[in-house]
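Note sheet for the following structure.
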Amino acid sequence: MESDDIMLPSPPPSAFSFLRPPRNLASQFELTTQSALPDHPTVADLPRAVWRNKRYVLEESLSRKGSKGRKSWIKRHGFFLVEIDTNDSPLSPYWACRLCDAKGQPEFFAAAATSSAADHLRKSHRIFESSQAADPDLSTDESERPKRRRLQYSAVPRARVKMIRELSLGLLINTNVPFSFLSDTFFQQLAWQLDPHLADQIPWSRQSMGRLLDDTYKSKKDEIKQELSDALTKIHVGFDLWTSPNRHAVMAVTAHFLDRQGKHQSRLLALRRQLGCHSGESLAVTLGQVVREWKIEDRVGTVISDNASSNDSCLVNFYGDLDAEMSLADVRARRMRCYGHILNLVARAFLYGEDFESFEAESQVFDLLGRREDDLRHWRKKGPVGKLHNVVKFIRSSPQRCELFKRISRENDEAQEYLLASESTAELEVVMNNDTRWNSTYLMISRALVKQGDIRAFLVHPEVEKWLPEADMLKGDDWRLLAEIKLILEPFYLQTMRTQGWGSEGGNGRLWEVMTGMEYLLEHLEDRKLFHHAVPDEAGGQDTNSQAELARGRPDRNRQLPARFRDCETDIHPRKSRQGPLSDRGSRQCDDGSGKPSGSLGIDDMGKDHRHYLRLSIMTAWQKLNEYYTKLGDSPLFAASIILHPSLGMNYLEVNWASEEQLVWVRDAKIGLSDYLDRWYHCNRPVDEQQKMIMDTSTSLSVPRTTTEVSVFKQWIKSRTAKTTVMGSELERYLRLEPQETEDPIEWWMAHQGQFPMISQLALDILAIPAMATDCERSFSLAKLTLTTQRLSMTTETLEKLQCLKNWVRHGAVKLGATIGGGEEVQWEIGDVSMEA
Numbered sequence: 006m007e008s009d010d011i012m013l014p015s016p017p018p019s020a021f022s023f024l025r026p027p028r029n030l031a032s033q034f035e036l037t038t039q040s041a042l043p044d045h046p047t048v049a050d051l052p053r054a055v056w057r058n059k060r061y062v063l064e065e066s067l068s069r070k071g072s073k074g075r076k077s078w079i080k081r082h083g084f085f086l087v088e089i090d091t092n093d094s095p096l097s098p099y100w101a102c103r104l105c106d107a108k109g110q111p112e113f114f115a116a117a118a119t120s121s122a123a124d125h126l127r128k129s130h131r132i133f134e135s136s137q138a139a140d141p142d143l144s145t146d147e148s149e150r151p152k153r154r155r156l157q158y159s160a161v162p163r164a165r166v167k168m169i170r171e172l173s174l175g176l177l178i179n180t181n182v183p184f185s186f187l188s189d190t191f192f193q194q195l196a197w198q199l200d201p202h203l204a205d206q207i208p209w210s211r212q213s214m215g216r217l218l219d220d221t222y223k224s225k226k227d228e229i230k231q232e233l234s235d236a237l238t239k240i241h242v243g244f245d246l247w248t249s250p251n252r253h254a255v256m257a258v259t260a261h262f263l264d265r266q267g268k269h270q271s272r273l274l275a276l277r278r279q280l281g282c283h284s285g286e287s288l289a290v291t292l293g294q295v296v297r298e299w300k301i302e303d304r305v306g307t308v309i310s311d312n313a314s315s316n317d318s319c320l321v322n323f324y325g326d327l328d329a330e331m332s333l334a335d336v337r338a339r340r341m342r343c344y345g346h347i348l349n350l351v352a353r354a355f356l357y358g359e360d361f362e363s364f365e366a367e368s369q370v371f372d373l374l375g376r377r378e379d380d381l382r383h384w385r386k387k388g389p390v391g392k393l394h395n396v397v398k399f400i401r402s403s404p405q406r407c408e409l410f411k412r413i414s415r416e417n418d419e420a421q422e423y424l425l426a427s428e429s430t431a432e433l434e435v436v437m438n439n440d441t442r443w444n445s446t447y448l449m450i451s452r453a454l455v456k457q458g459d460i461r462a463f464l465v466h467p468e469v470e471k472w473l474p475e476a477d478m479l480k481g482d483d484w485r486l487l488a489e490i491k492l493i494l495e496p497f498y499l500q501t502m503r504t505q506g507w508g509s510e511g512g513n514g515r516l517w518e519v520m521t522g523m524e525y526l527l528e529h530l531e532d533r534k535l536f537h538h539a540v541p542d543e544a545g546g547q548d549t550n551s552q553a554e555l556a557r558g559r560p561d562r563n564r565q566l567p568a569r570f571r572d573c574e575t576d577i578h579p580r581k582s583r584q585g586p587l588s589d590r591g592s593r594q595c596d597d598g599s600g601k602p603s604g605s606l607g608i609d610d611m612g613k614d615h616r617h618y619l620r621l622s623i624m625t626a627w628q629k630l631n632e633y634y635t636k637l638g639d640s641p642l643f644a645a646s647i648i649l650h651p652s653l654g655m656n657y658l659e660v661n662w663a664s665e666e667q668l669v670w671v672r673d674a675k676i677g678l679s680d681y682l683d684r685w686y687h688c689n690r691p692v693d694e695q696q697k698m699i700m701d702t703s704t705s706l707s708v709p710r711t712t713t714e715v716s717v718f719k720q721w722i723k724s725r726t727a728k729t730t731v732m733g734s735e736l737e738r739y740l741r742l743e744p745q746e747t748e749d750p751i752e753w754w755m756a757h758q759g760q761f762p763m764i765s766q767l768a769l770d771i772l773a774i775p776a777m778a779t780d781c782e783r784s785f786s787l788a789k790l791t792l793t794t795q796r797l798s799m800t801t802e803t804l805e806k807l808q809c810l811k812n813w814v815r816h817g818a819v820k821l822g823a824t825i826g827g828g829e830e831v832q833w834e835i836g837d838v839s840m841e842a
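Every letter in the sequence shown is one number past the one before it in our numbering, and letter 641, counting from 1, is 646.
Written as structure tokens, this is what we have:
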């Protein structure tokens, strides 16, 4: 065999070849950049290259305070490097030709000026700049250029500077301090003492932090957009209006959805200034702009807002702009009324009557004009609640009275010797109510009852008797009425606190709790009303109207025809409650068998006027609550949220709507759910997939096979078998299930998506709807902390960026520096929420 035909294997690489550094710079940098930098990197951790016993790092990885980066055209054809010594200290900058480096022979040029590097590209590689005038190094002679201070390289990696800057921005956002805080001399000295090299590289100025805020908001906004795009459900939008301390009308817009893990998420999308009038059309324009800015116009589900009439017209215009085919009934179906706002309206109607808004407005006018006596008389008309308001205002109106009240409280506390079963209340303050905080009057009464002994002792003090009018003195009858008012309002307070959250782990704050909660509160008011009508008046019994109402039992709930059936021939009968003796109903709420509701001892001793006041107040509250209960029929989603709750289902409605007339309601709920599925979820699945599901889920008939069977008969059998729609078969199969024991309905539906593909999607969409629009109120409260009296010149755009980043960080959606979530989650209560509008 000739030698030319012999194929000799190539020699294996020697062990020294693995130790030999790569031949060019690019491959060395590529190898060293494969590992991530540590949280606190140094120069030793940066990607580096070695050439002829000299070590280099990329110039862009080192910090140079004041540098805006290289902009010369030669950057595209080479590397800007910085030589480092054995102590990892930066030396001189160089430019290395990328084309020469690819051949294993990189050429280095001093980077103080770019003329030498540009000459090399032109002469060695025939590479020219497209526009010579664009290169300042070529258009102007070195001697003619204006001299500028040369920026020194530091031993601080740029990545670490970026992290520190983001953490500094997070400090400004989370603590509501002005941007000039970082320029403070003491803070600068503190930073310099910790790390002088790092402190010298951070641009701490107010202008620098403002630019950083803009850049950070833009980058983090893209992350939130991606999160919204990946959401498991539709995006439900909440909005509300607020008057800022600098007298701007601001609209808050929030997004609510389930992420891919089935966790409820809430994101602040905007705090946008609302210009012009607050008509529905104007509100719709602002809301539409925000939705389109976030690119979620095709994924908007429902909208949660308060009960203002302008919001109704806003949603008509908003949805009409998103989908011209939406009817008025479709808009009503997606209009979710804030449950907390409803509870607040009912409580205010109970306390101040039907025209409670006029009462509160008149009180504000008296307060603004300084007409103290008129305001006291105004509140005095509201009985013991008004008297208590005046007493609390009297105590809190001067430091001397506050100190006197505290001294009396301490003396009473010391007189009781040892408190073995309860804590001391001596240091507790009385609470003042106002018209912007939900439940504030309940909290005022509740605290007053705790401090009742101290308040009684305060009222009989000689100094107090001299200045406080006799008409505002609280008597024994007044305290009994206040105790009863607290008991009546307590379920409203507990419902508010229960449903104000984010519905984590199947808990509170979801849509299914709205209808069930209103049913619970209606029954609570009806039980109280029946009890107080059963207590005879001192003057010889009840009036004729009261006797007539008592004879009828619980009042009728005259529910109107839901909007989706108003064009049909459907009869909706008034709701008839289950009749039963008063003592039987009362025995469910007390343990002594007396028929009295729990906590109602001493009502028999209450004066006639006070009992009459309670009856009227309860009836006014019931009418207001029933008004909004009736409006639930405009949307099929409220009943659907109960039907699609695995632990409740149709069984809940059938048990609670058990009379013959109420069976129509059960039928309406089922029809509404079926129609909504057919209208909005049937079209989302391809026809061939629907047909496959029809054949899979339909009940097949067992027909014996014979040789004489004709194909026409088979087709007839199949046509009758597959006649049920996909939604119908899924819905019927689900409705036949027994109530499921589950702590988290979201987890249950995610586990049964294969069994109920379309219904599960609707169920998850509904479970993502919050019961309240409280996240808007939380944003207003936090924004008010930012807009202090020293920062009223802040623009709405800056406020929006600050509050959005604060919301995203606190919810763990984005990082600032190395921190996720900004610390512990802040717990907010509706009692702390400002309701200015």
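Using N, Cα and C, we set each Cβ at its ideal position, and we do this for glycine too.
When DSSP labels each residue in this structure, what does residue i get in the three-state scheme?
i, result
"H757", "coil"
"I132", "coil"
"A431", "coil"
"S402", "coil"
"Q212", "helix"
"T521", "helix"
"A329", "coil"
"Q266", "coil"
"M799", "coil"
"V182", "coil"
"M611", "coil"
"V55", "strand"
"A275", "strand"
Figure out for me which residue from the options has the closest Cα to the Cα of residue i.
i, options, result
"V465", "L280, K59, C282 and M478", "M478"
"R461", "E802, W484 and E495", "W484"
"N439", "L433, D482 and S368", "S368"
"M437", "S429, I400 and P404", "I400"
"I676", "L736, Y525, T259 and E489", "L736"
"R216", "V336, V258 and E171", "E171"
"I413", "A431, A818 and V435", "A431"
"I764", "V258, E802, W685 and V814", "W685"
"W627", "W753, P651 and K534", "K534"
"H45", "E134, K80, R163 and S120", "R163"
"Y681", "E378, S646 and E665", "S646"
What does DSSP give as the partner residues of residue i in its beta bridges?
i, result
"C845", "The requested residue 845 does not occur in the structure, where the chain is confined to residues 6 to 842."
"T248", "A254"
"V242", "A260 and V308"
"I89", "R60 and P95"
"F114", "W100"
"R342", "S310"
"L67", "P162"
Straight-line CA distance for residue i to residue j?
i, j, result
"R53", "E88", "10 Å"
"E416", "K392", "25 Å"
"Q552", "R738", "In this prediction, Q552 scores a pLDDT of 44, lower than 50, which makes its location untrustworthy; no coordinate-derived value is stated."
"F262", "R165", "35 Å"
"K386", "C407", "25 Å"
"D614", "A354", "18 Å"
"A107", "H269", "52 Å"
"Q33", "F114", "19 Å"
"L527", "N631", "7 Å"
"M523", "L448", "21 Å"
Kindly indicate if chain D contains any beta-carbon less than 8 Å away from that of residue i.
i, result
"W197", "In the structure shown, chain D cannot be found, because there is only a single protein chain."
Taking contact to mean 3 or more Cβ pairs, one atom from each stretch, closer than 8 Å, check whether the segment 299-318 and the segment 269-289 are in contact. yes
Can we say the segment 242-251 touches the segment 190-197, given the rule of at least three CB pairs closer than 8 Å? no
Closer than 8 Å is the cut-off here; do at least three beta carbon pairs connect the segment 222-233 with the segment 245-256? no
Between the segment 740-748 and the segment 650-666, do at least 3 Cβ pairs fall closer than 8 Å? yes
At least 3 beta-carbon pairs within less than 8 Å: the segment 775-794 vs the segment 338-350: yes
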